[in-house]
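Residue numbers (the working numbering), protein chains in the order written: chain A, 1 to 571; chain B, 572 to 1142.
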């Protein structure tokens, strides 16, 4: 275990100053911090070749006030018009606001902002109050060829919110953030797209008090960004929650959606299933604001039964054993866990060294021959009916044992659950000292998993002093995802970007998908045509042209739809 | 129970004469028959006001040879070209063959054919040997504006195969009917679209013998048409099998598809999940041959564990109790049954009278106060892991009991399973005596179910001497399907059609979907635009135009895409 002593770096303890760059790029609540532990610092020193000296002075903190001399390029008559639609209080041309709503949480955005560098911003931010506002704005923008950028939670990690062509940003979360109806008979909820995860979940958990419902419910969707992402964002970018193995991905939860598009408005069919031609409901999921604006969503909800939740963790002797057991779990038809995570040996070892295990457990692992650099940690939860969760946990345990795993009790899974949303908060601290942590994810069929894991690791580890931790956390009968976390020091954003783009290249070369659950945005856009193939890309463009003939919806590279050929990658 | 005595009608016992109309419309194996029992005959006499006299002479049997004086309108040079592509043995202009491949199993097709009346037929039938053939044919047809009609199993009940504009029919089942690869690691199978259900299932069941696989598998998809439908048809028409509550609908099984379209060829991504924009895989499912030709499909497969299958049947005191219990089953998160069917009181009563129950059971039901015209039968199976099926059956049983149901053992479900594919074989026998049996299905959310059931029943039962039986057999957390079976005597096809179309009108008026699992074809096409709305229909048309700009793919009303405005219904 990394030592818990040494010099504690002076982490930034203060909320970002109002109006500063940092107030824009800091992840999560401005008041909340999660500083790296001393174990973290010692790991970084050991593996990134850093010394106390490197932790003496914070660099690129982005504490200075945003100083933008960019006037809105919208004509006064346009601004007048928006003011007339929404009221003066719901529009702004203030440069800070325009920057704030132009940024997501992509690592390179943070790196740039911390250096006071700003990309494209829109010319006006508007806060629609309801779908009628959205409709009026959209009609006007379409008639006047003004680009529109929907902004909801702002947690995009794929440059999905950058207003490349200027125009108007729609801040969907300000007003359009309510749960509209809860239908207990159908077990569905209809919400506005700007509703944040915790507000949605709280409303469902408290259904009896708030809606005189008979039961409590849960949304079943808990991405790591849960606290700072919205229901609309989950659907628009094809999200997947940490309990997706049981509840399904965001796409599986959507019953119906209402869209306002330049070519017309519609609500997709809300039947439980329907055989009436290709389903529009599916055609819109993942369109990332390029077809129109999502203004209402009906989703499946589930019974909230936290008392039935069961936790487990195991140590597998090897990554191969952990993968084989996971595959058997996903194909074994004995029910599914909600959370299920397997860490590769590097992630396992670092996890143990950073977060530790009770020492008798460590001793036991040693005695039983679970070797560091070989062994793989697994943890998870089971949800649902009381009797079934008992049986499913029992089956998972028996299965793991048959692959040589040692049951480690509930501790690991419970500890993970407590900290699962706050980990990203360390990244600004690390960035302050020139350390970059970032992640990339992919999905892959079982038969290509090891080649992909090894191939991508080989690339990342080929860079000196670079940490690479990998886990699989979403399980399907035909495969899983792989989530790569890498940490290193990069001389510049450009150097970082080059390395990062190389990972994307390698993921695809090794048989992984371009994105499992982070969407595409503008970051993955250059690969889209090669990844999907010309014909499929052409079909997406045909839909785009149909819904948005003037290309006002999130133009400038999103999904690669209007990306100039010279910006495409063909690896 | 209807008496089992009386005069037995002279059912047609002979296989249809070669070349006859009947050889085209008879459902299933020409050698196989399932004649209505005497209980059936007595029920029809009682409820349709028929006498022995009505069963004396068979009418409209369609035994005469097909006598078609329709020359192929294709130019000799075209025919020459197809002959060059496929070989002379794989093309035909024979009128009988052209009619055979122009017909599905829609009831009104049977009624017309039994009277020697023929609708549109294509000008040439071709039997592609592989996807290269399909590609060559498609390119040639596109260049020459020749319509193409894919024909696979031929079991369409929505006029989905009718070559309204003449041209070429592709008989996909003749050669393109093989299982290409079985991937045990990913638990997927890749098949050609023309593979029939039983061949596919047999190949999977016998995987160890045929593919040296470690396990046996099942496809999990068992529609009533299973024996006479193909994998391609299941996907193209958004099918759903009788065990869908556990295995999912056809759309849920599809991992990836390969299409040849006039605008280009492609294979959709085969990752377990992918967040790279709207999924082409979903855009193609349900396109019913209007976008291109499906030439290869990869599907999830499941472990074949027939020994773990558990059967159950119950009697519920009322339809409402059966529905409430089913809803709780679908939302209760304790696992799902594979087959689950609840019959409304009319179907329950007729089922008991036609097929019977052991008399001690009848006595018990009476003693316990389960009233005819109120009570509702439920039957089903549980599949999957041995321990889990035991628990799930136990939970279903306890749940049913809490809604006042009486457990009736395994008998009903096992009996149903034995006869589930052969019921449609009675329809020609009934047609011989001027009796028409037909079905329509819809899906509906739980909160609209009773209004829909009552509304549609009111319409059907408003016609004198008409039987209406209803069941729900596919369960989702937000709702279910309703399957209406109606039986009556109709003076003419026109009178039948008018009544039938009235049912479709009422299904939609009462809040049901236009189709749950039979697709759209040309039968539902007139309602499509009103059902989906102008905007969504326009989006489907945009895709159609993209893939098939010359409208050569299944033109003439399919999905309502090119239906003239005057043929649309606006109910």
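A virtual CB, placed ideally from N, CA and C, is assigned to each residue, including glycine.
These numbers come from a predicted model, not from an experiment.
Asked                                                                                                                                : Found
Under the three-state DSSP convention, the category residue 1060(B) falls into                                                       : strand
Other residues of its chain near residue 664(B): CB distance less than 6 Å, five sequence neighbours each side excluded              : 643 and 695
Extent of the continuous alpha helix (DSSP H) to which residue 817(B) belongs                                                        : 815-818
Beta-carbon contacts of residue 456(A) that lie in its chain and below 7 Å, excluding the five residues immediately before and after : 484, 503, 506, 507 and 510
Distance between beta carbons of residue 474(A) and residue 244(A), contact taken as under 8 Å                                       : 5 Å
Cβ neighbour criterion (16 or more within 10 Å) applied to residue 578(B)                                                            : exposed
C-alpha distance - residue 567(A) paired with residue 526(A), whole-angstrom precision                                               : 6 Å
Near-chain B residues of the segment 327-360 of chain A (beta-carbon distance less than 7 Å), N- to C-terminal order                 : 331, 332, 333, 334 and 335
Rounded C-alpha distance that separates residue 282(A) from residue 250(A)                                                           : 11 Å
Given 8 Å, three or more beta-carbon pairs between the segment 1036-1050 of chain B and the segment 1100-1119 of chain B             : no
Per DSSP, the bridge partner or partners of residue 886(B)                                                                           : 948(B) and 977(B)
Which listed residue (1115(B), 1040(B) and 646(B)) has its alpha carbon closest to that of residue 916(B)                            : 1040(B)
CB contact check: residue 956(B) to chain A, cutoff 7 Å                                                                              : yes
Length at least 4, wholly inside the segment 950-1034 of chain B: the alpha helix (DSSP H) runs in chain order                       : 957-973, 982-990, 997-1003 and 1020-1032
Residues near residue 865(B) by beta carbon distance below 8 Å, same chain, minus five either side                                   : 721, 764, 803, 806, 807, 828, 829, 830 and 855
CB of residue 266(A) within 7 Å of CB of residue 400(A), strictly                                                                    : no
Reduced DSSP category for residue 86(A) - H, G, I as helix; E, B as strand; rest coil                                                : helix
Closer than 7 Å to chain A by CB, residue 1085(B)                                                                                    : yes
is_contact[residue 980(B), chain A] using C-beta, thresh 7 Å                                                                         : no
Bounding residues of the alpha helix (DSSP H) (the contiguous stretch that carries residue 712(B))                                   : 702-715
Best match in 1093(B), 1101(B) and 1070(B) for proximity to residue 1084(B) [C-alpha to C-alpha]                                     : 1101(B)
Residue 1120(B) versus residue 1113(B) - alpha carbon distance                                                                       : 10 Å
Pair within 7 Å by beta-carbon distance, residue 996(B) and residue 729(B)                                                           : no
Residue range of the unbroken alpha helix (DSSP H) whose run includes residue 45(A)                                                  : 38-48
CA nearest to the CA of residue 1022(B), picked from 894(B), 1067(B) and 667(B)                                                      : 894(B)
Chain B contact residues for residue 185(A), given Cβ-Cβ distances below 7 Å                                                         : 1017 and 1018
Chain B residues whose Cβ lies nearer than 7 Å to that of residue 272(A)                                                             : 1014, 1016, 1047, 1049, 1050 and 1051
Contact set for residue 142(A): own chain, Cβ-Cβ below 7 Å, skip 5 residues either direction                                         : 262, 550 and 552
Contact set between the segment 1107-1125 of chain B and chain A, restricted to residues whose Cβ is under 8 Å from the partner      : 1107, 1109, 1110, 1111, 1113, 1114, 1116, 1117 and 1118
Members of the segment 497-531 of chain A that neighbour chain B once the beta carbon cut-off is set at 8 Å                          : 512, 513, 514, 515, 516, 517, 518, 519, 520, 524, 528 and 531
is_contact[residue 871(B), chain A] using C-beta, thresh 7 Å                                                                         : yes
Same chain, Cβ closer than 8 Å to residue 1048(B), five either side skipped, listed in chain order                                   : 901 and 902
Interfacial residues, the segment 278-289 of chain A to chain B, with Cβ spacing under 8 Å                                           : 278, 279, 280, 282, 283, 284, 285, 286, 287 and 288
Beta carbon of residue 697(B) nearer than 7 Å to that of residue 868(B)                                                              : no
Inter-residue CB distance, residue 572(A) and residue 35(A) (contact presumed, cutoff 8 Å)                                           : Residue 572(A) lies beyond the residue range present for chain A, which begins at 1 and ends at 571; the question has no answer from this structure.
Residue 373(A) classed as buried or exposed, judged by whether at least 16 other C-beta atoms fall within 10 angstroms               : exposed
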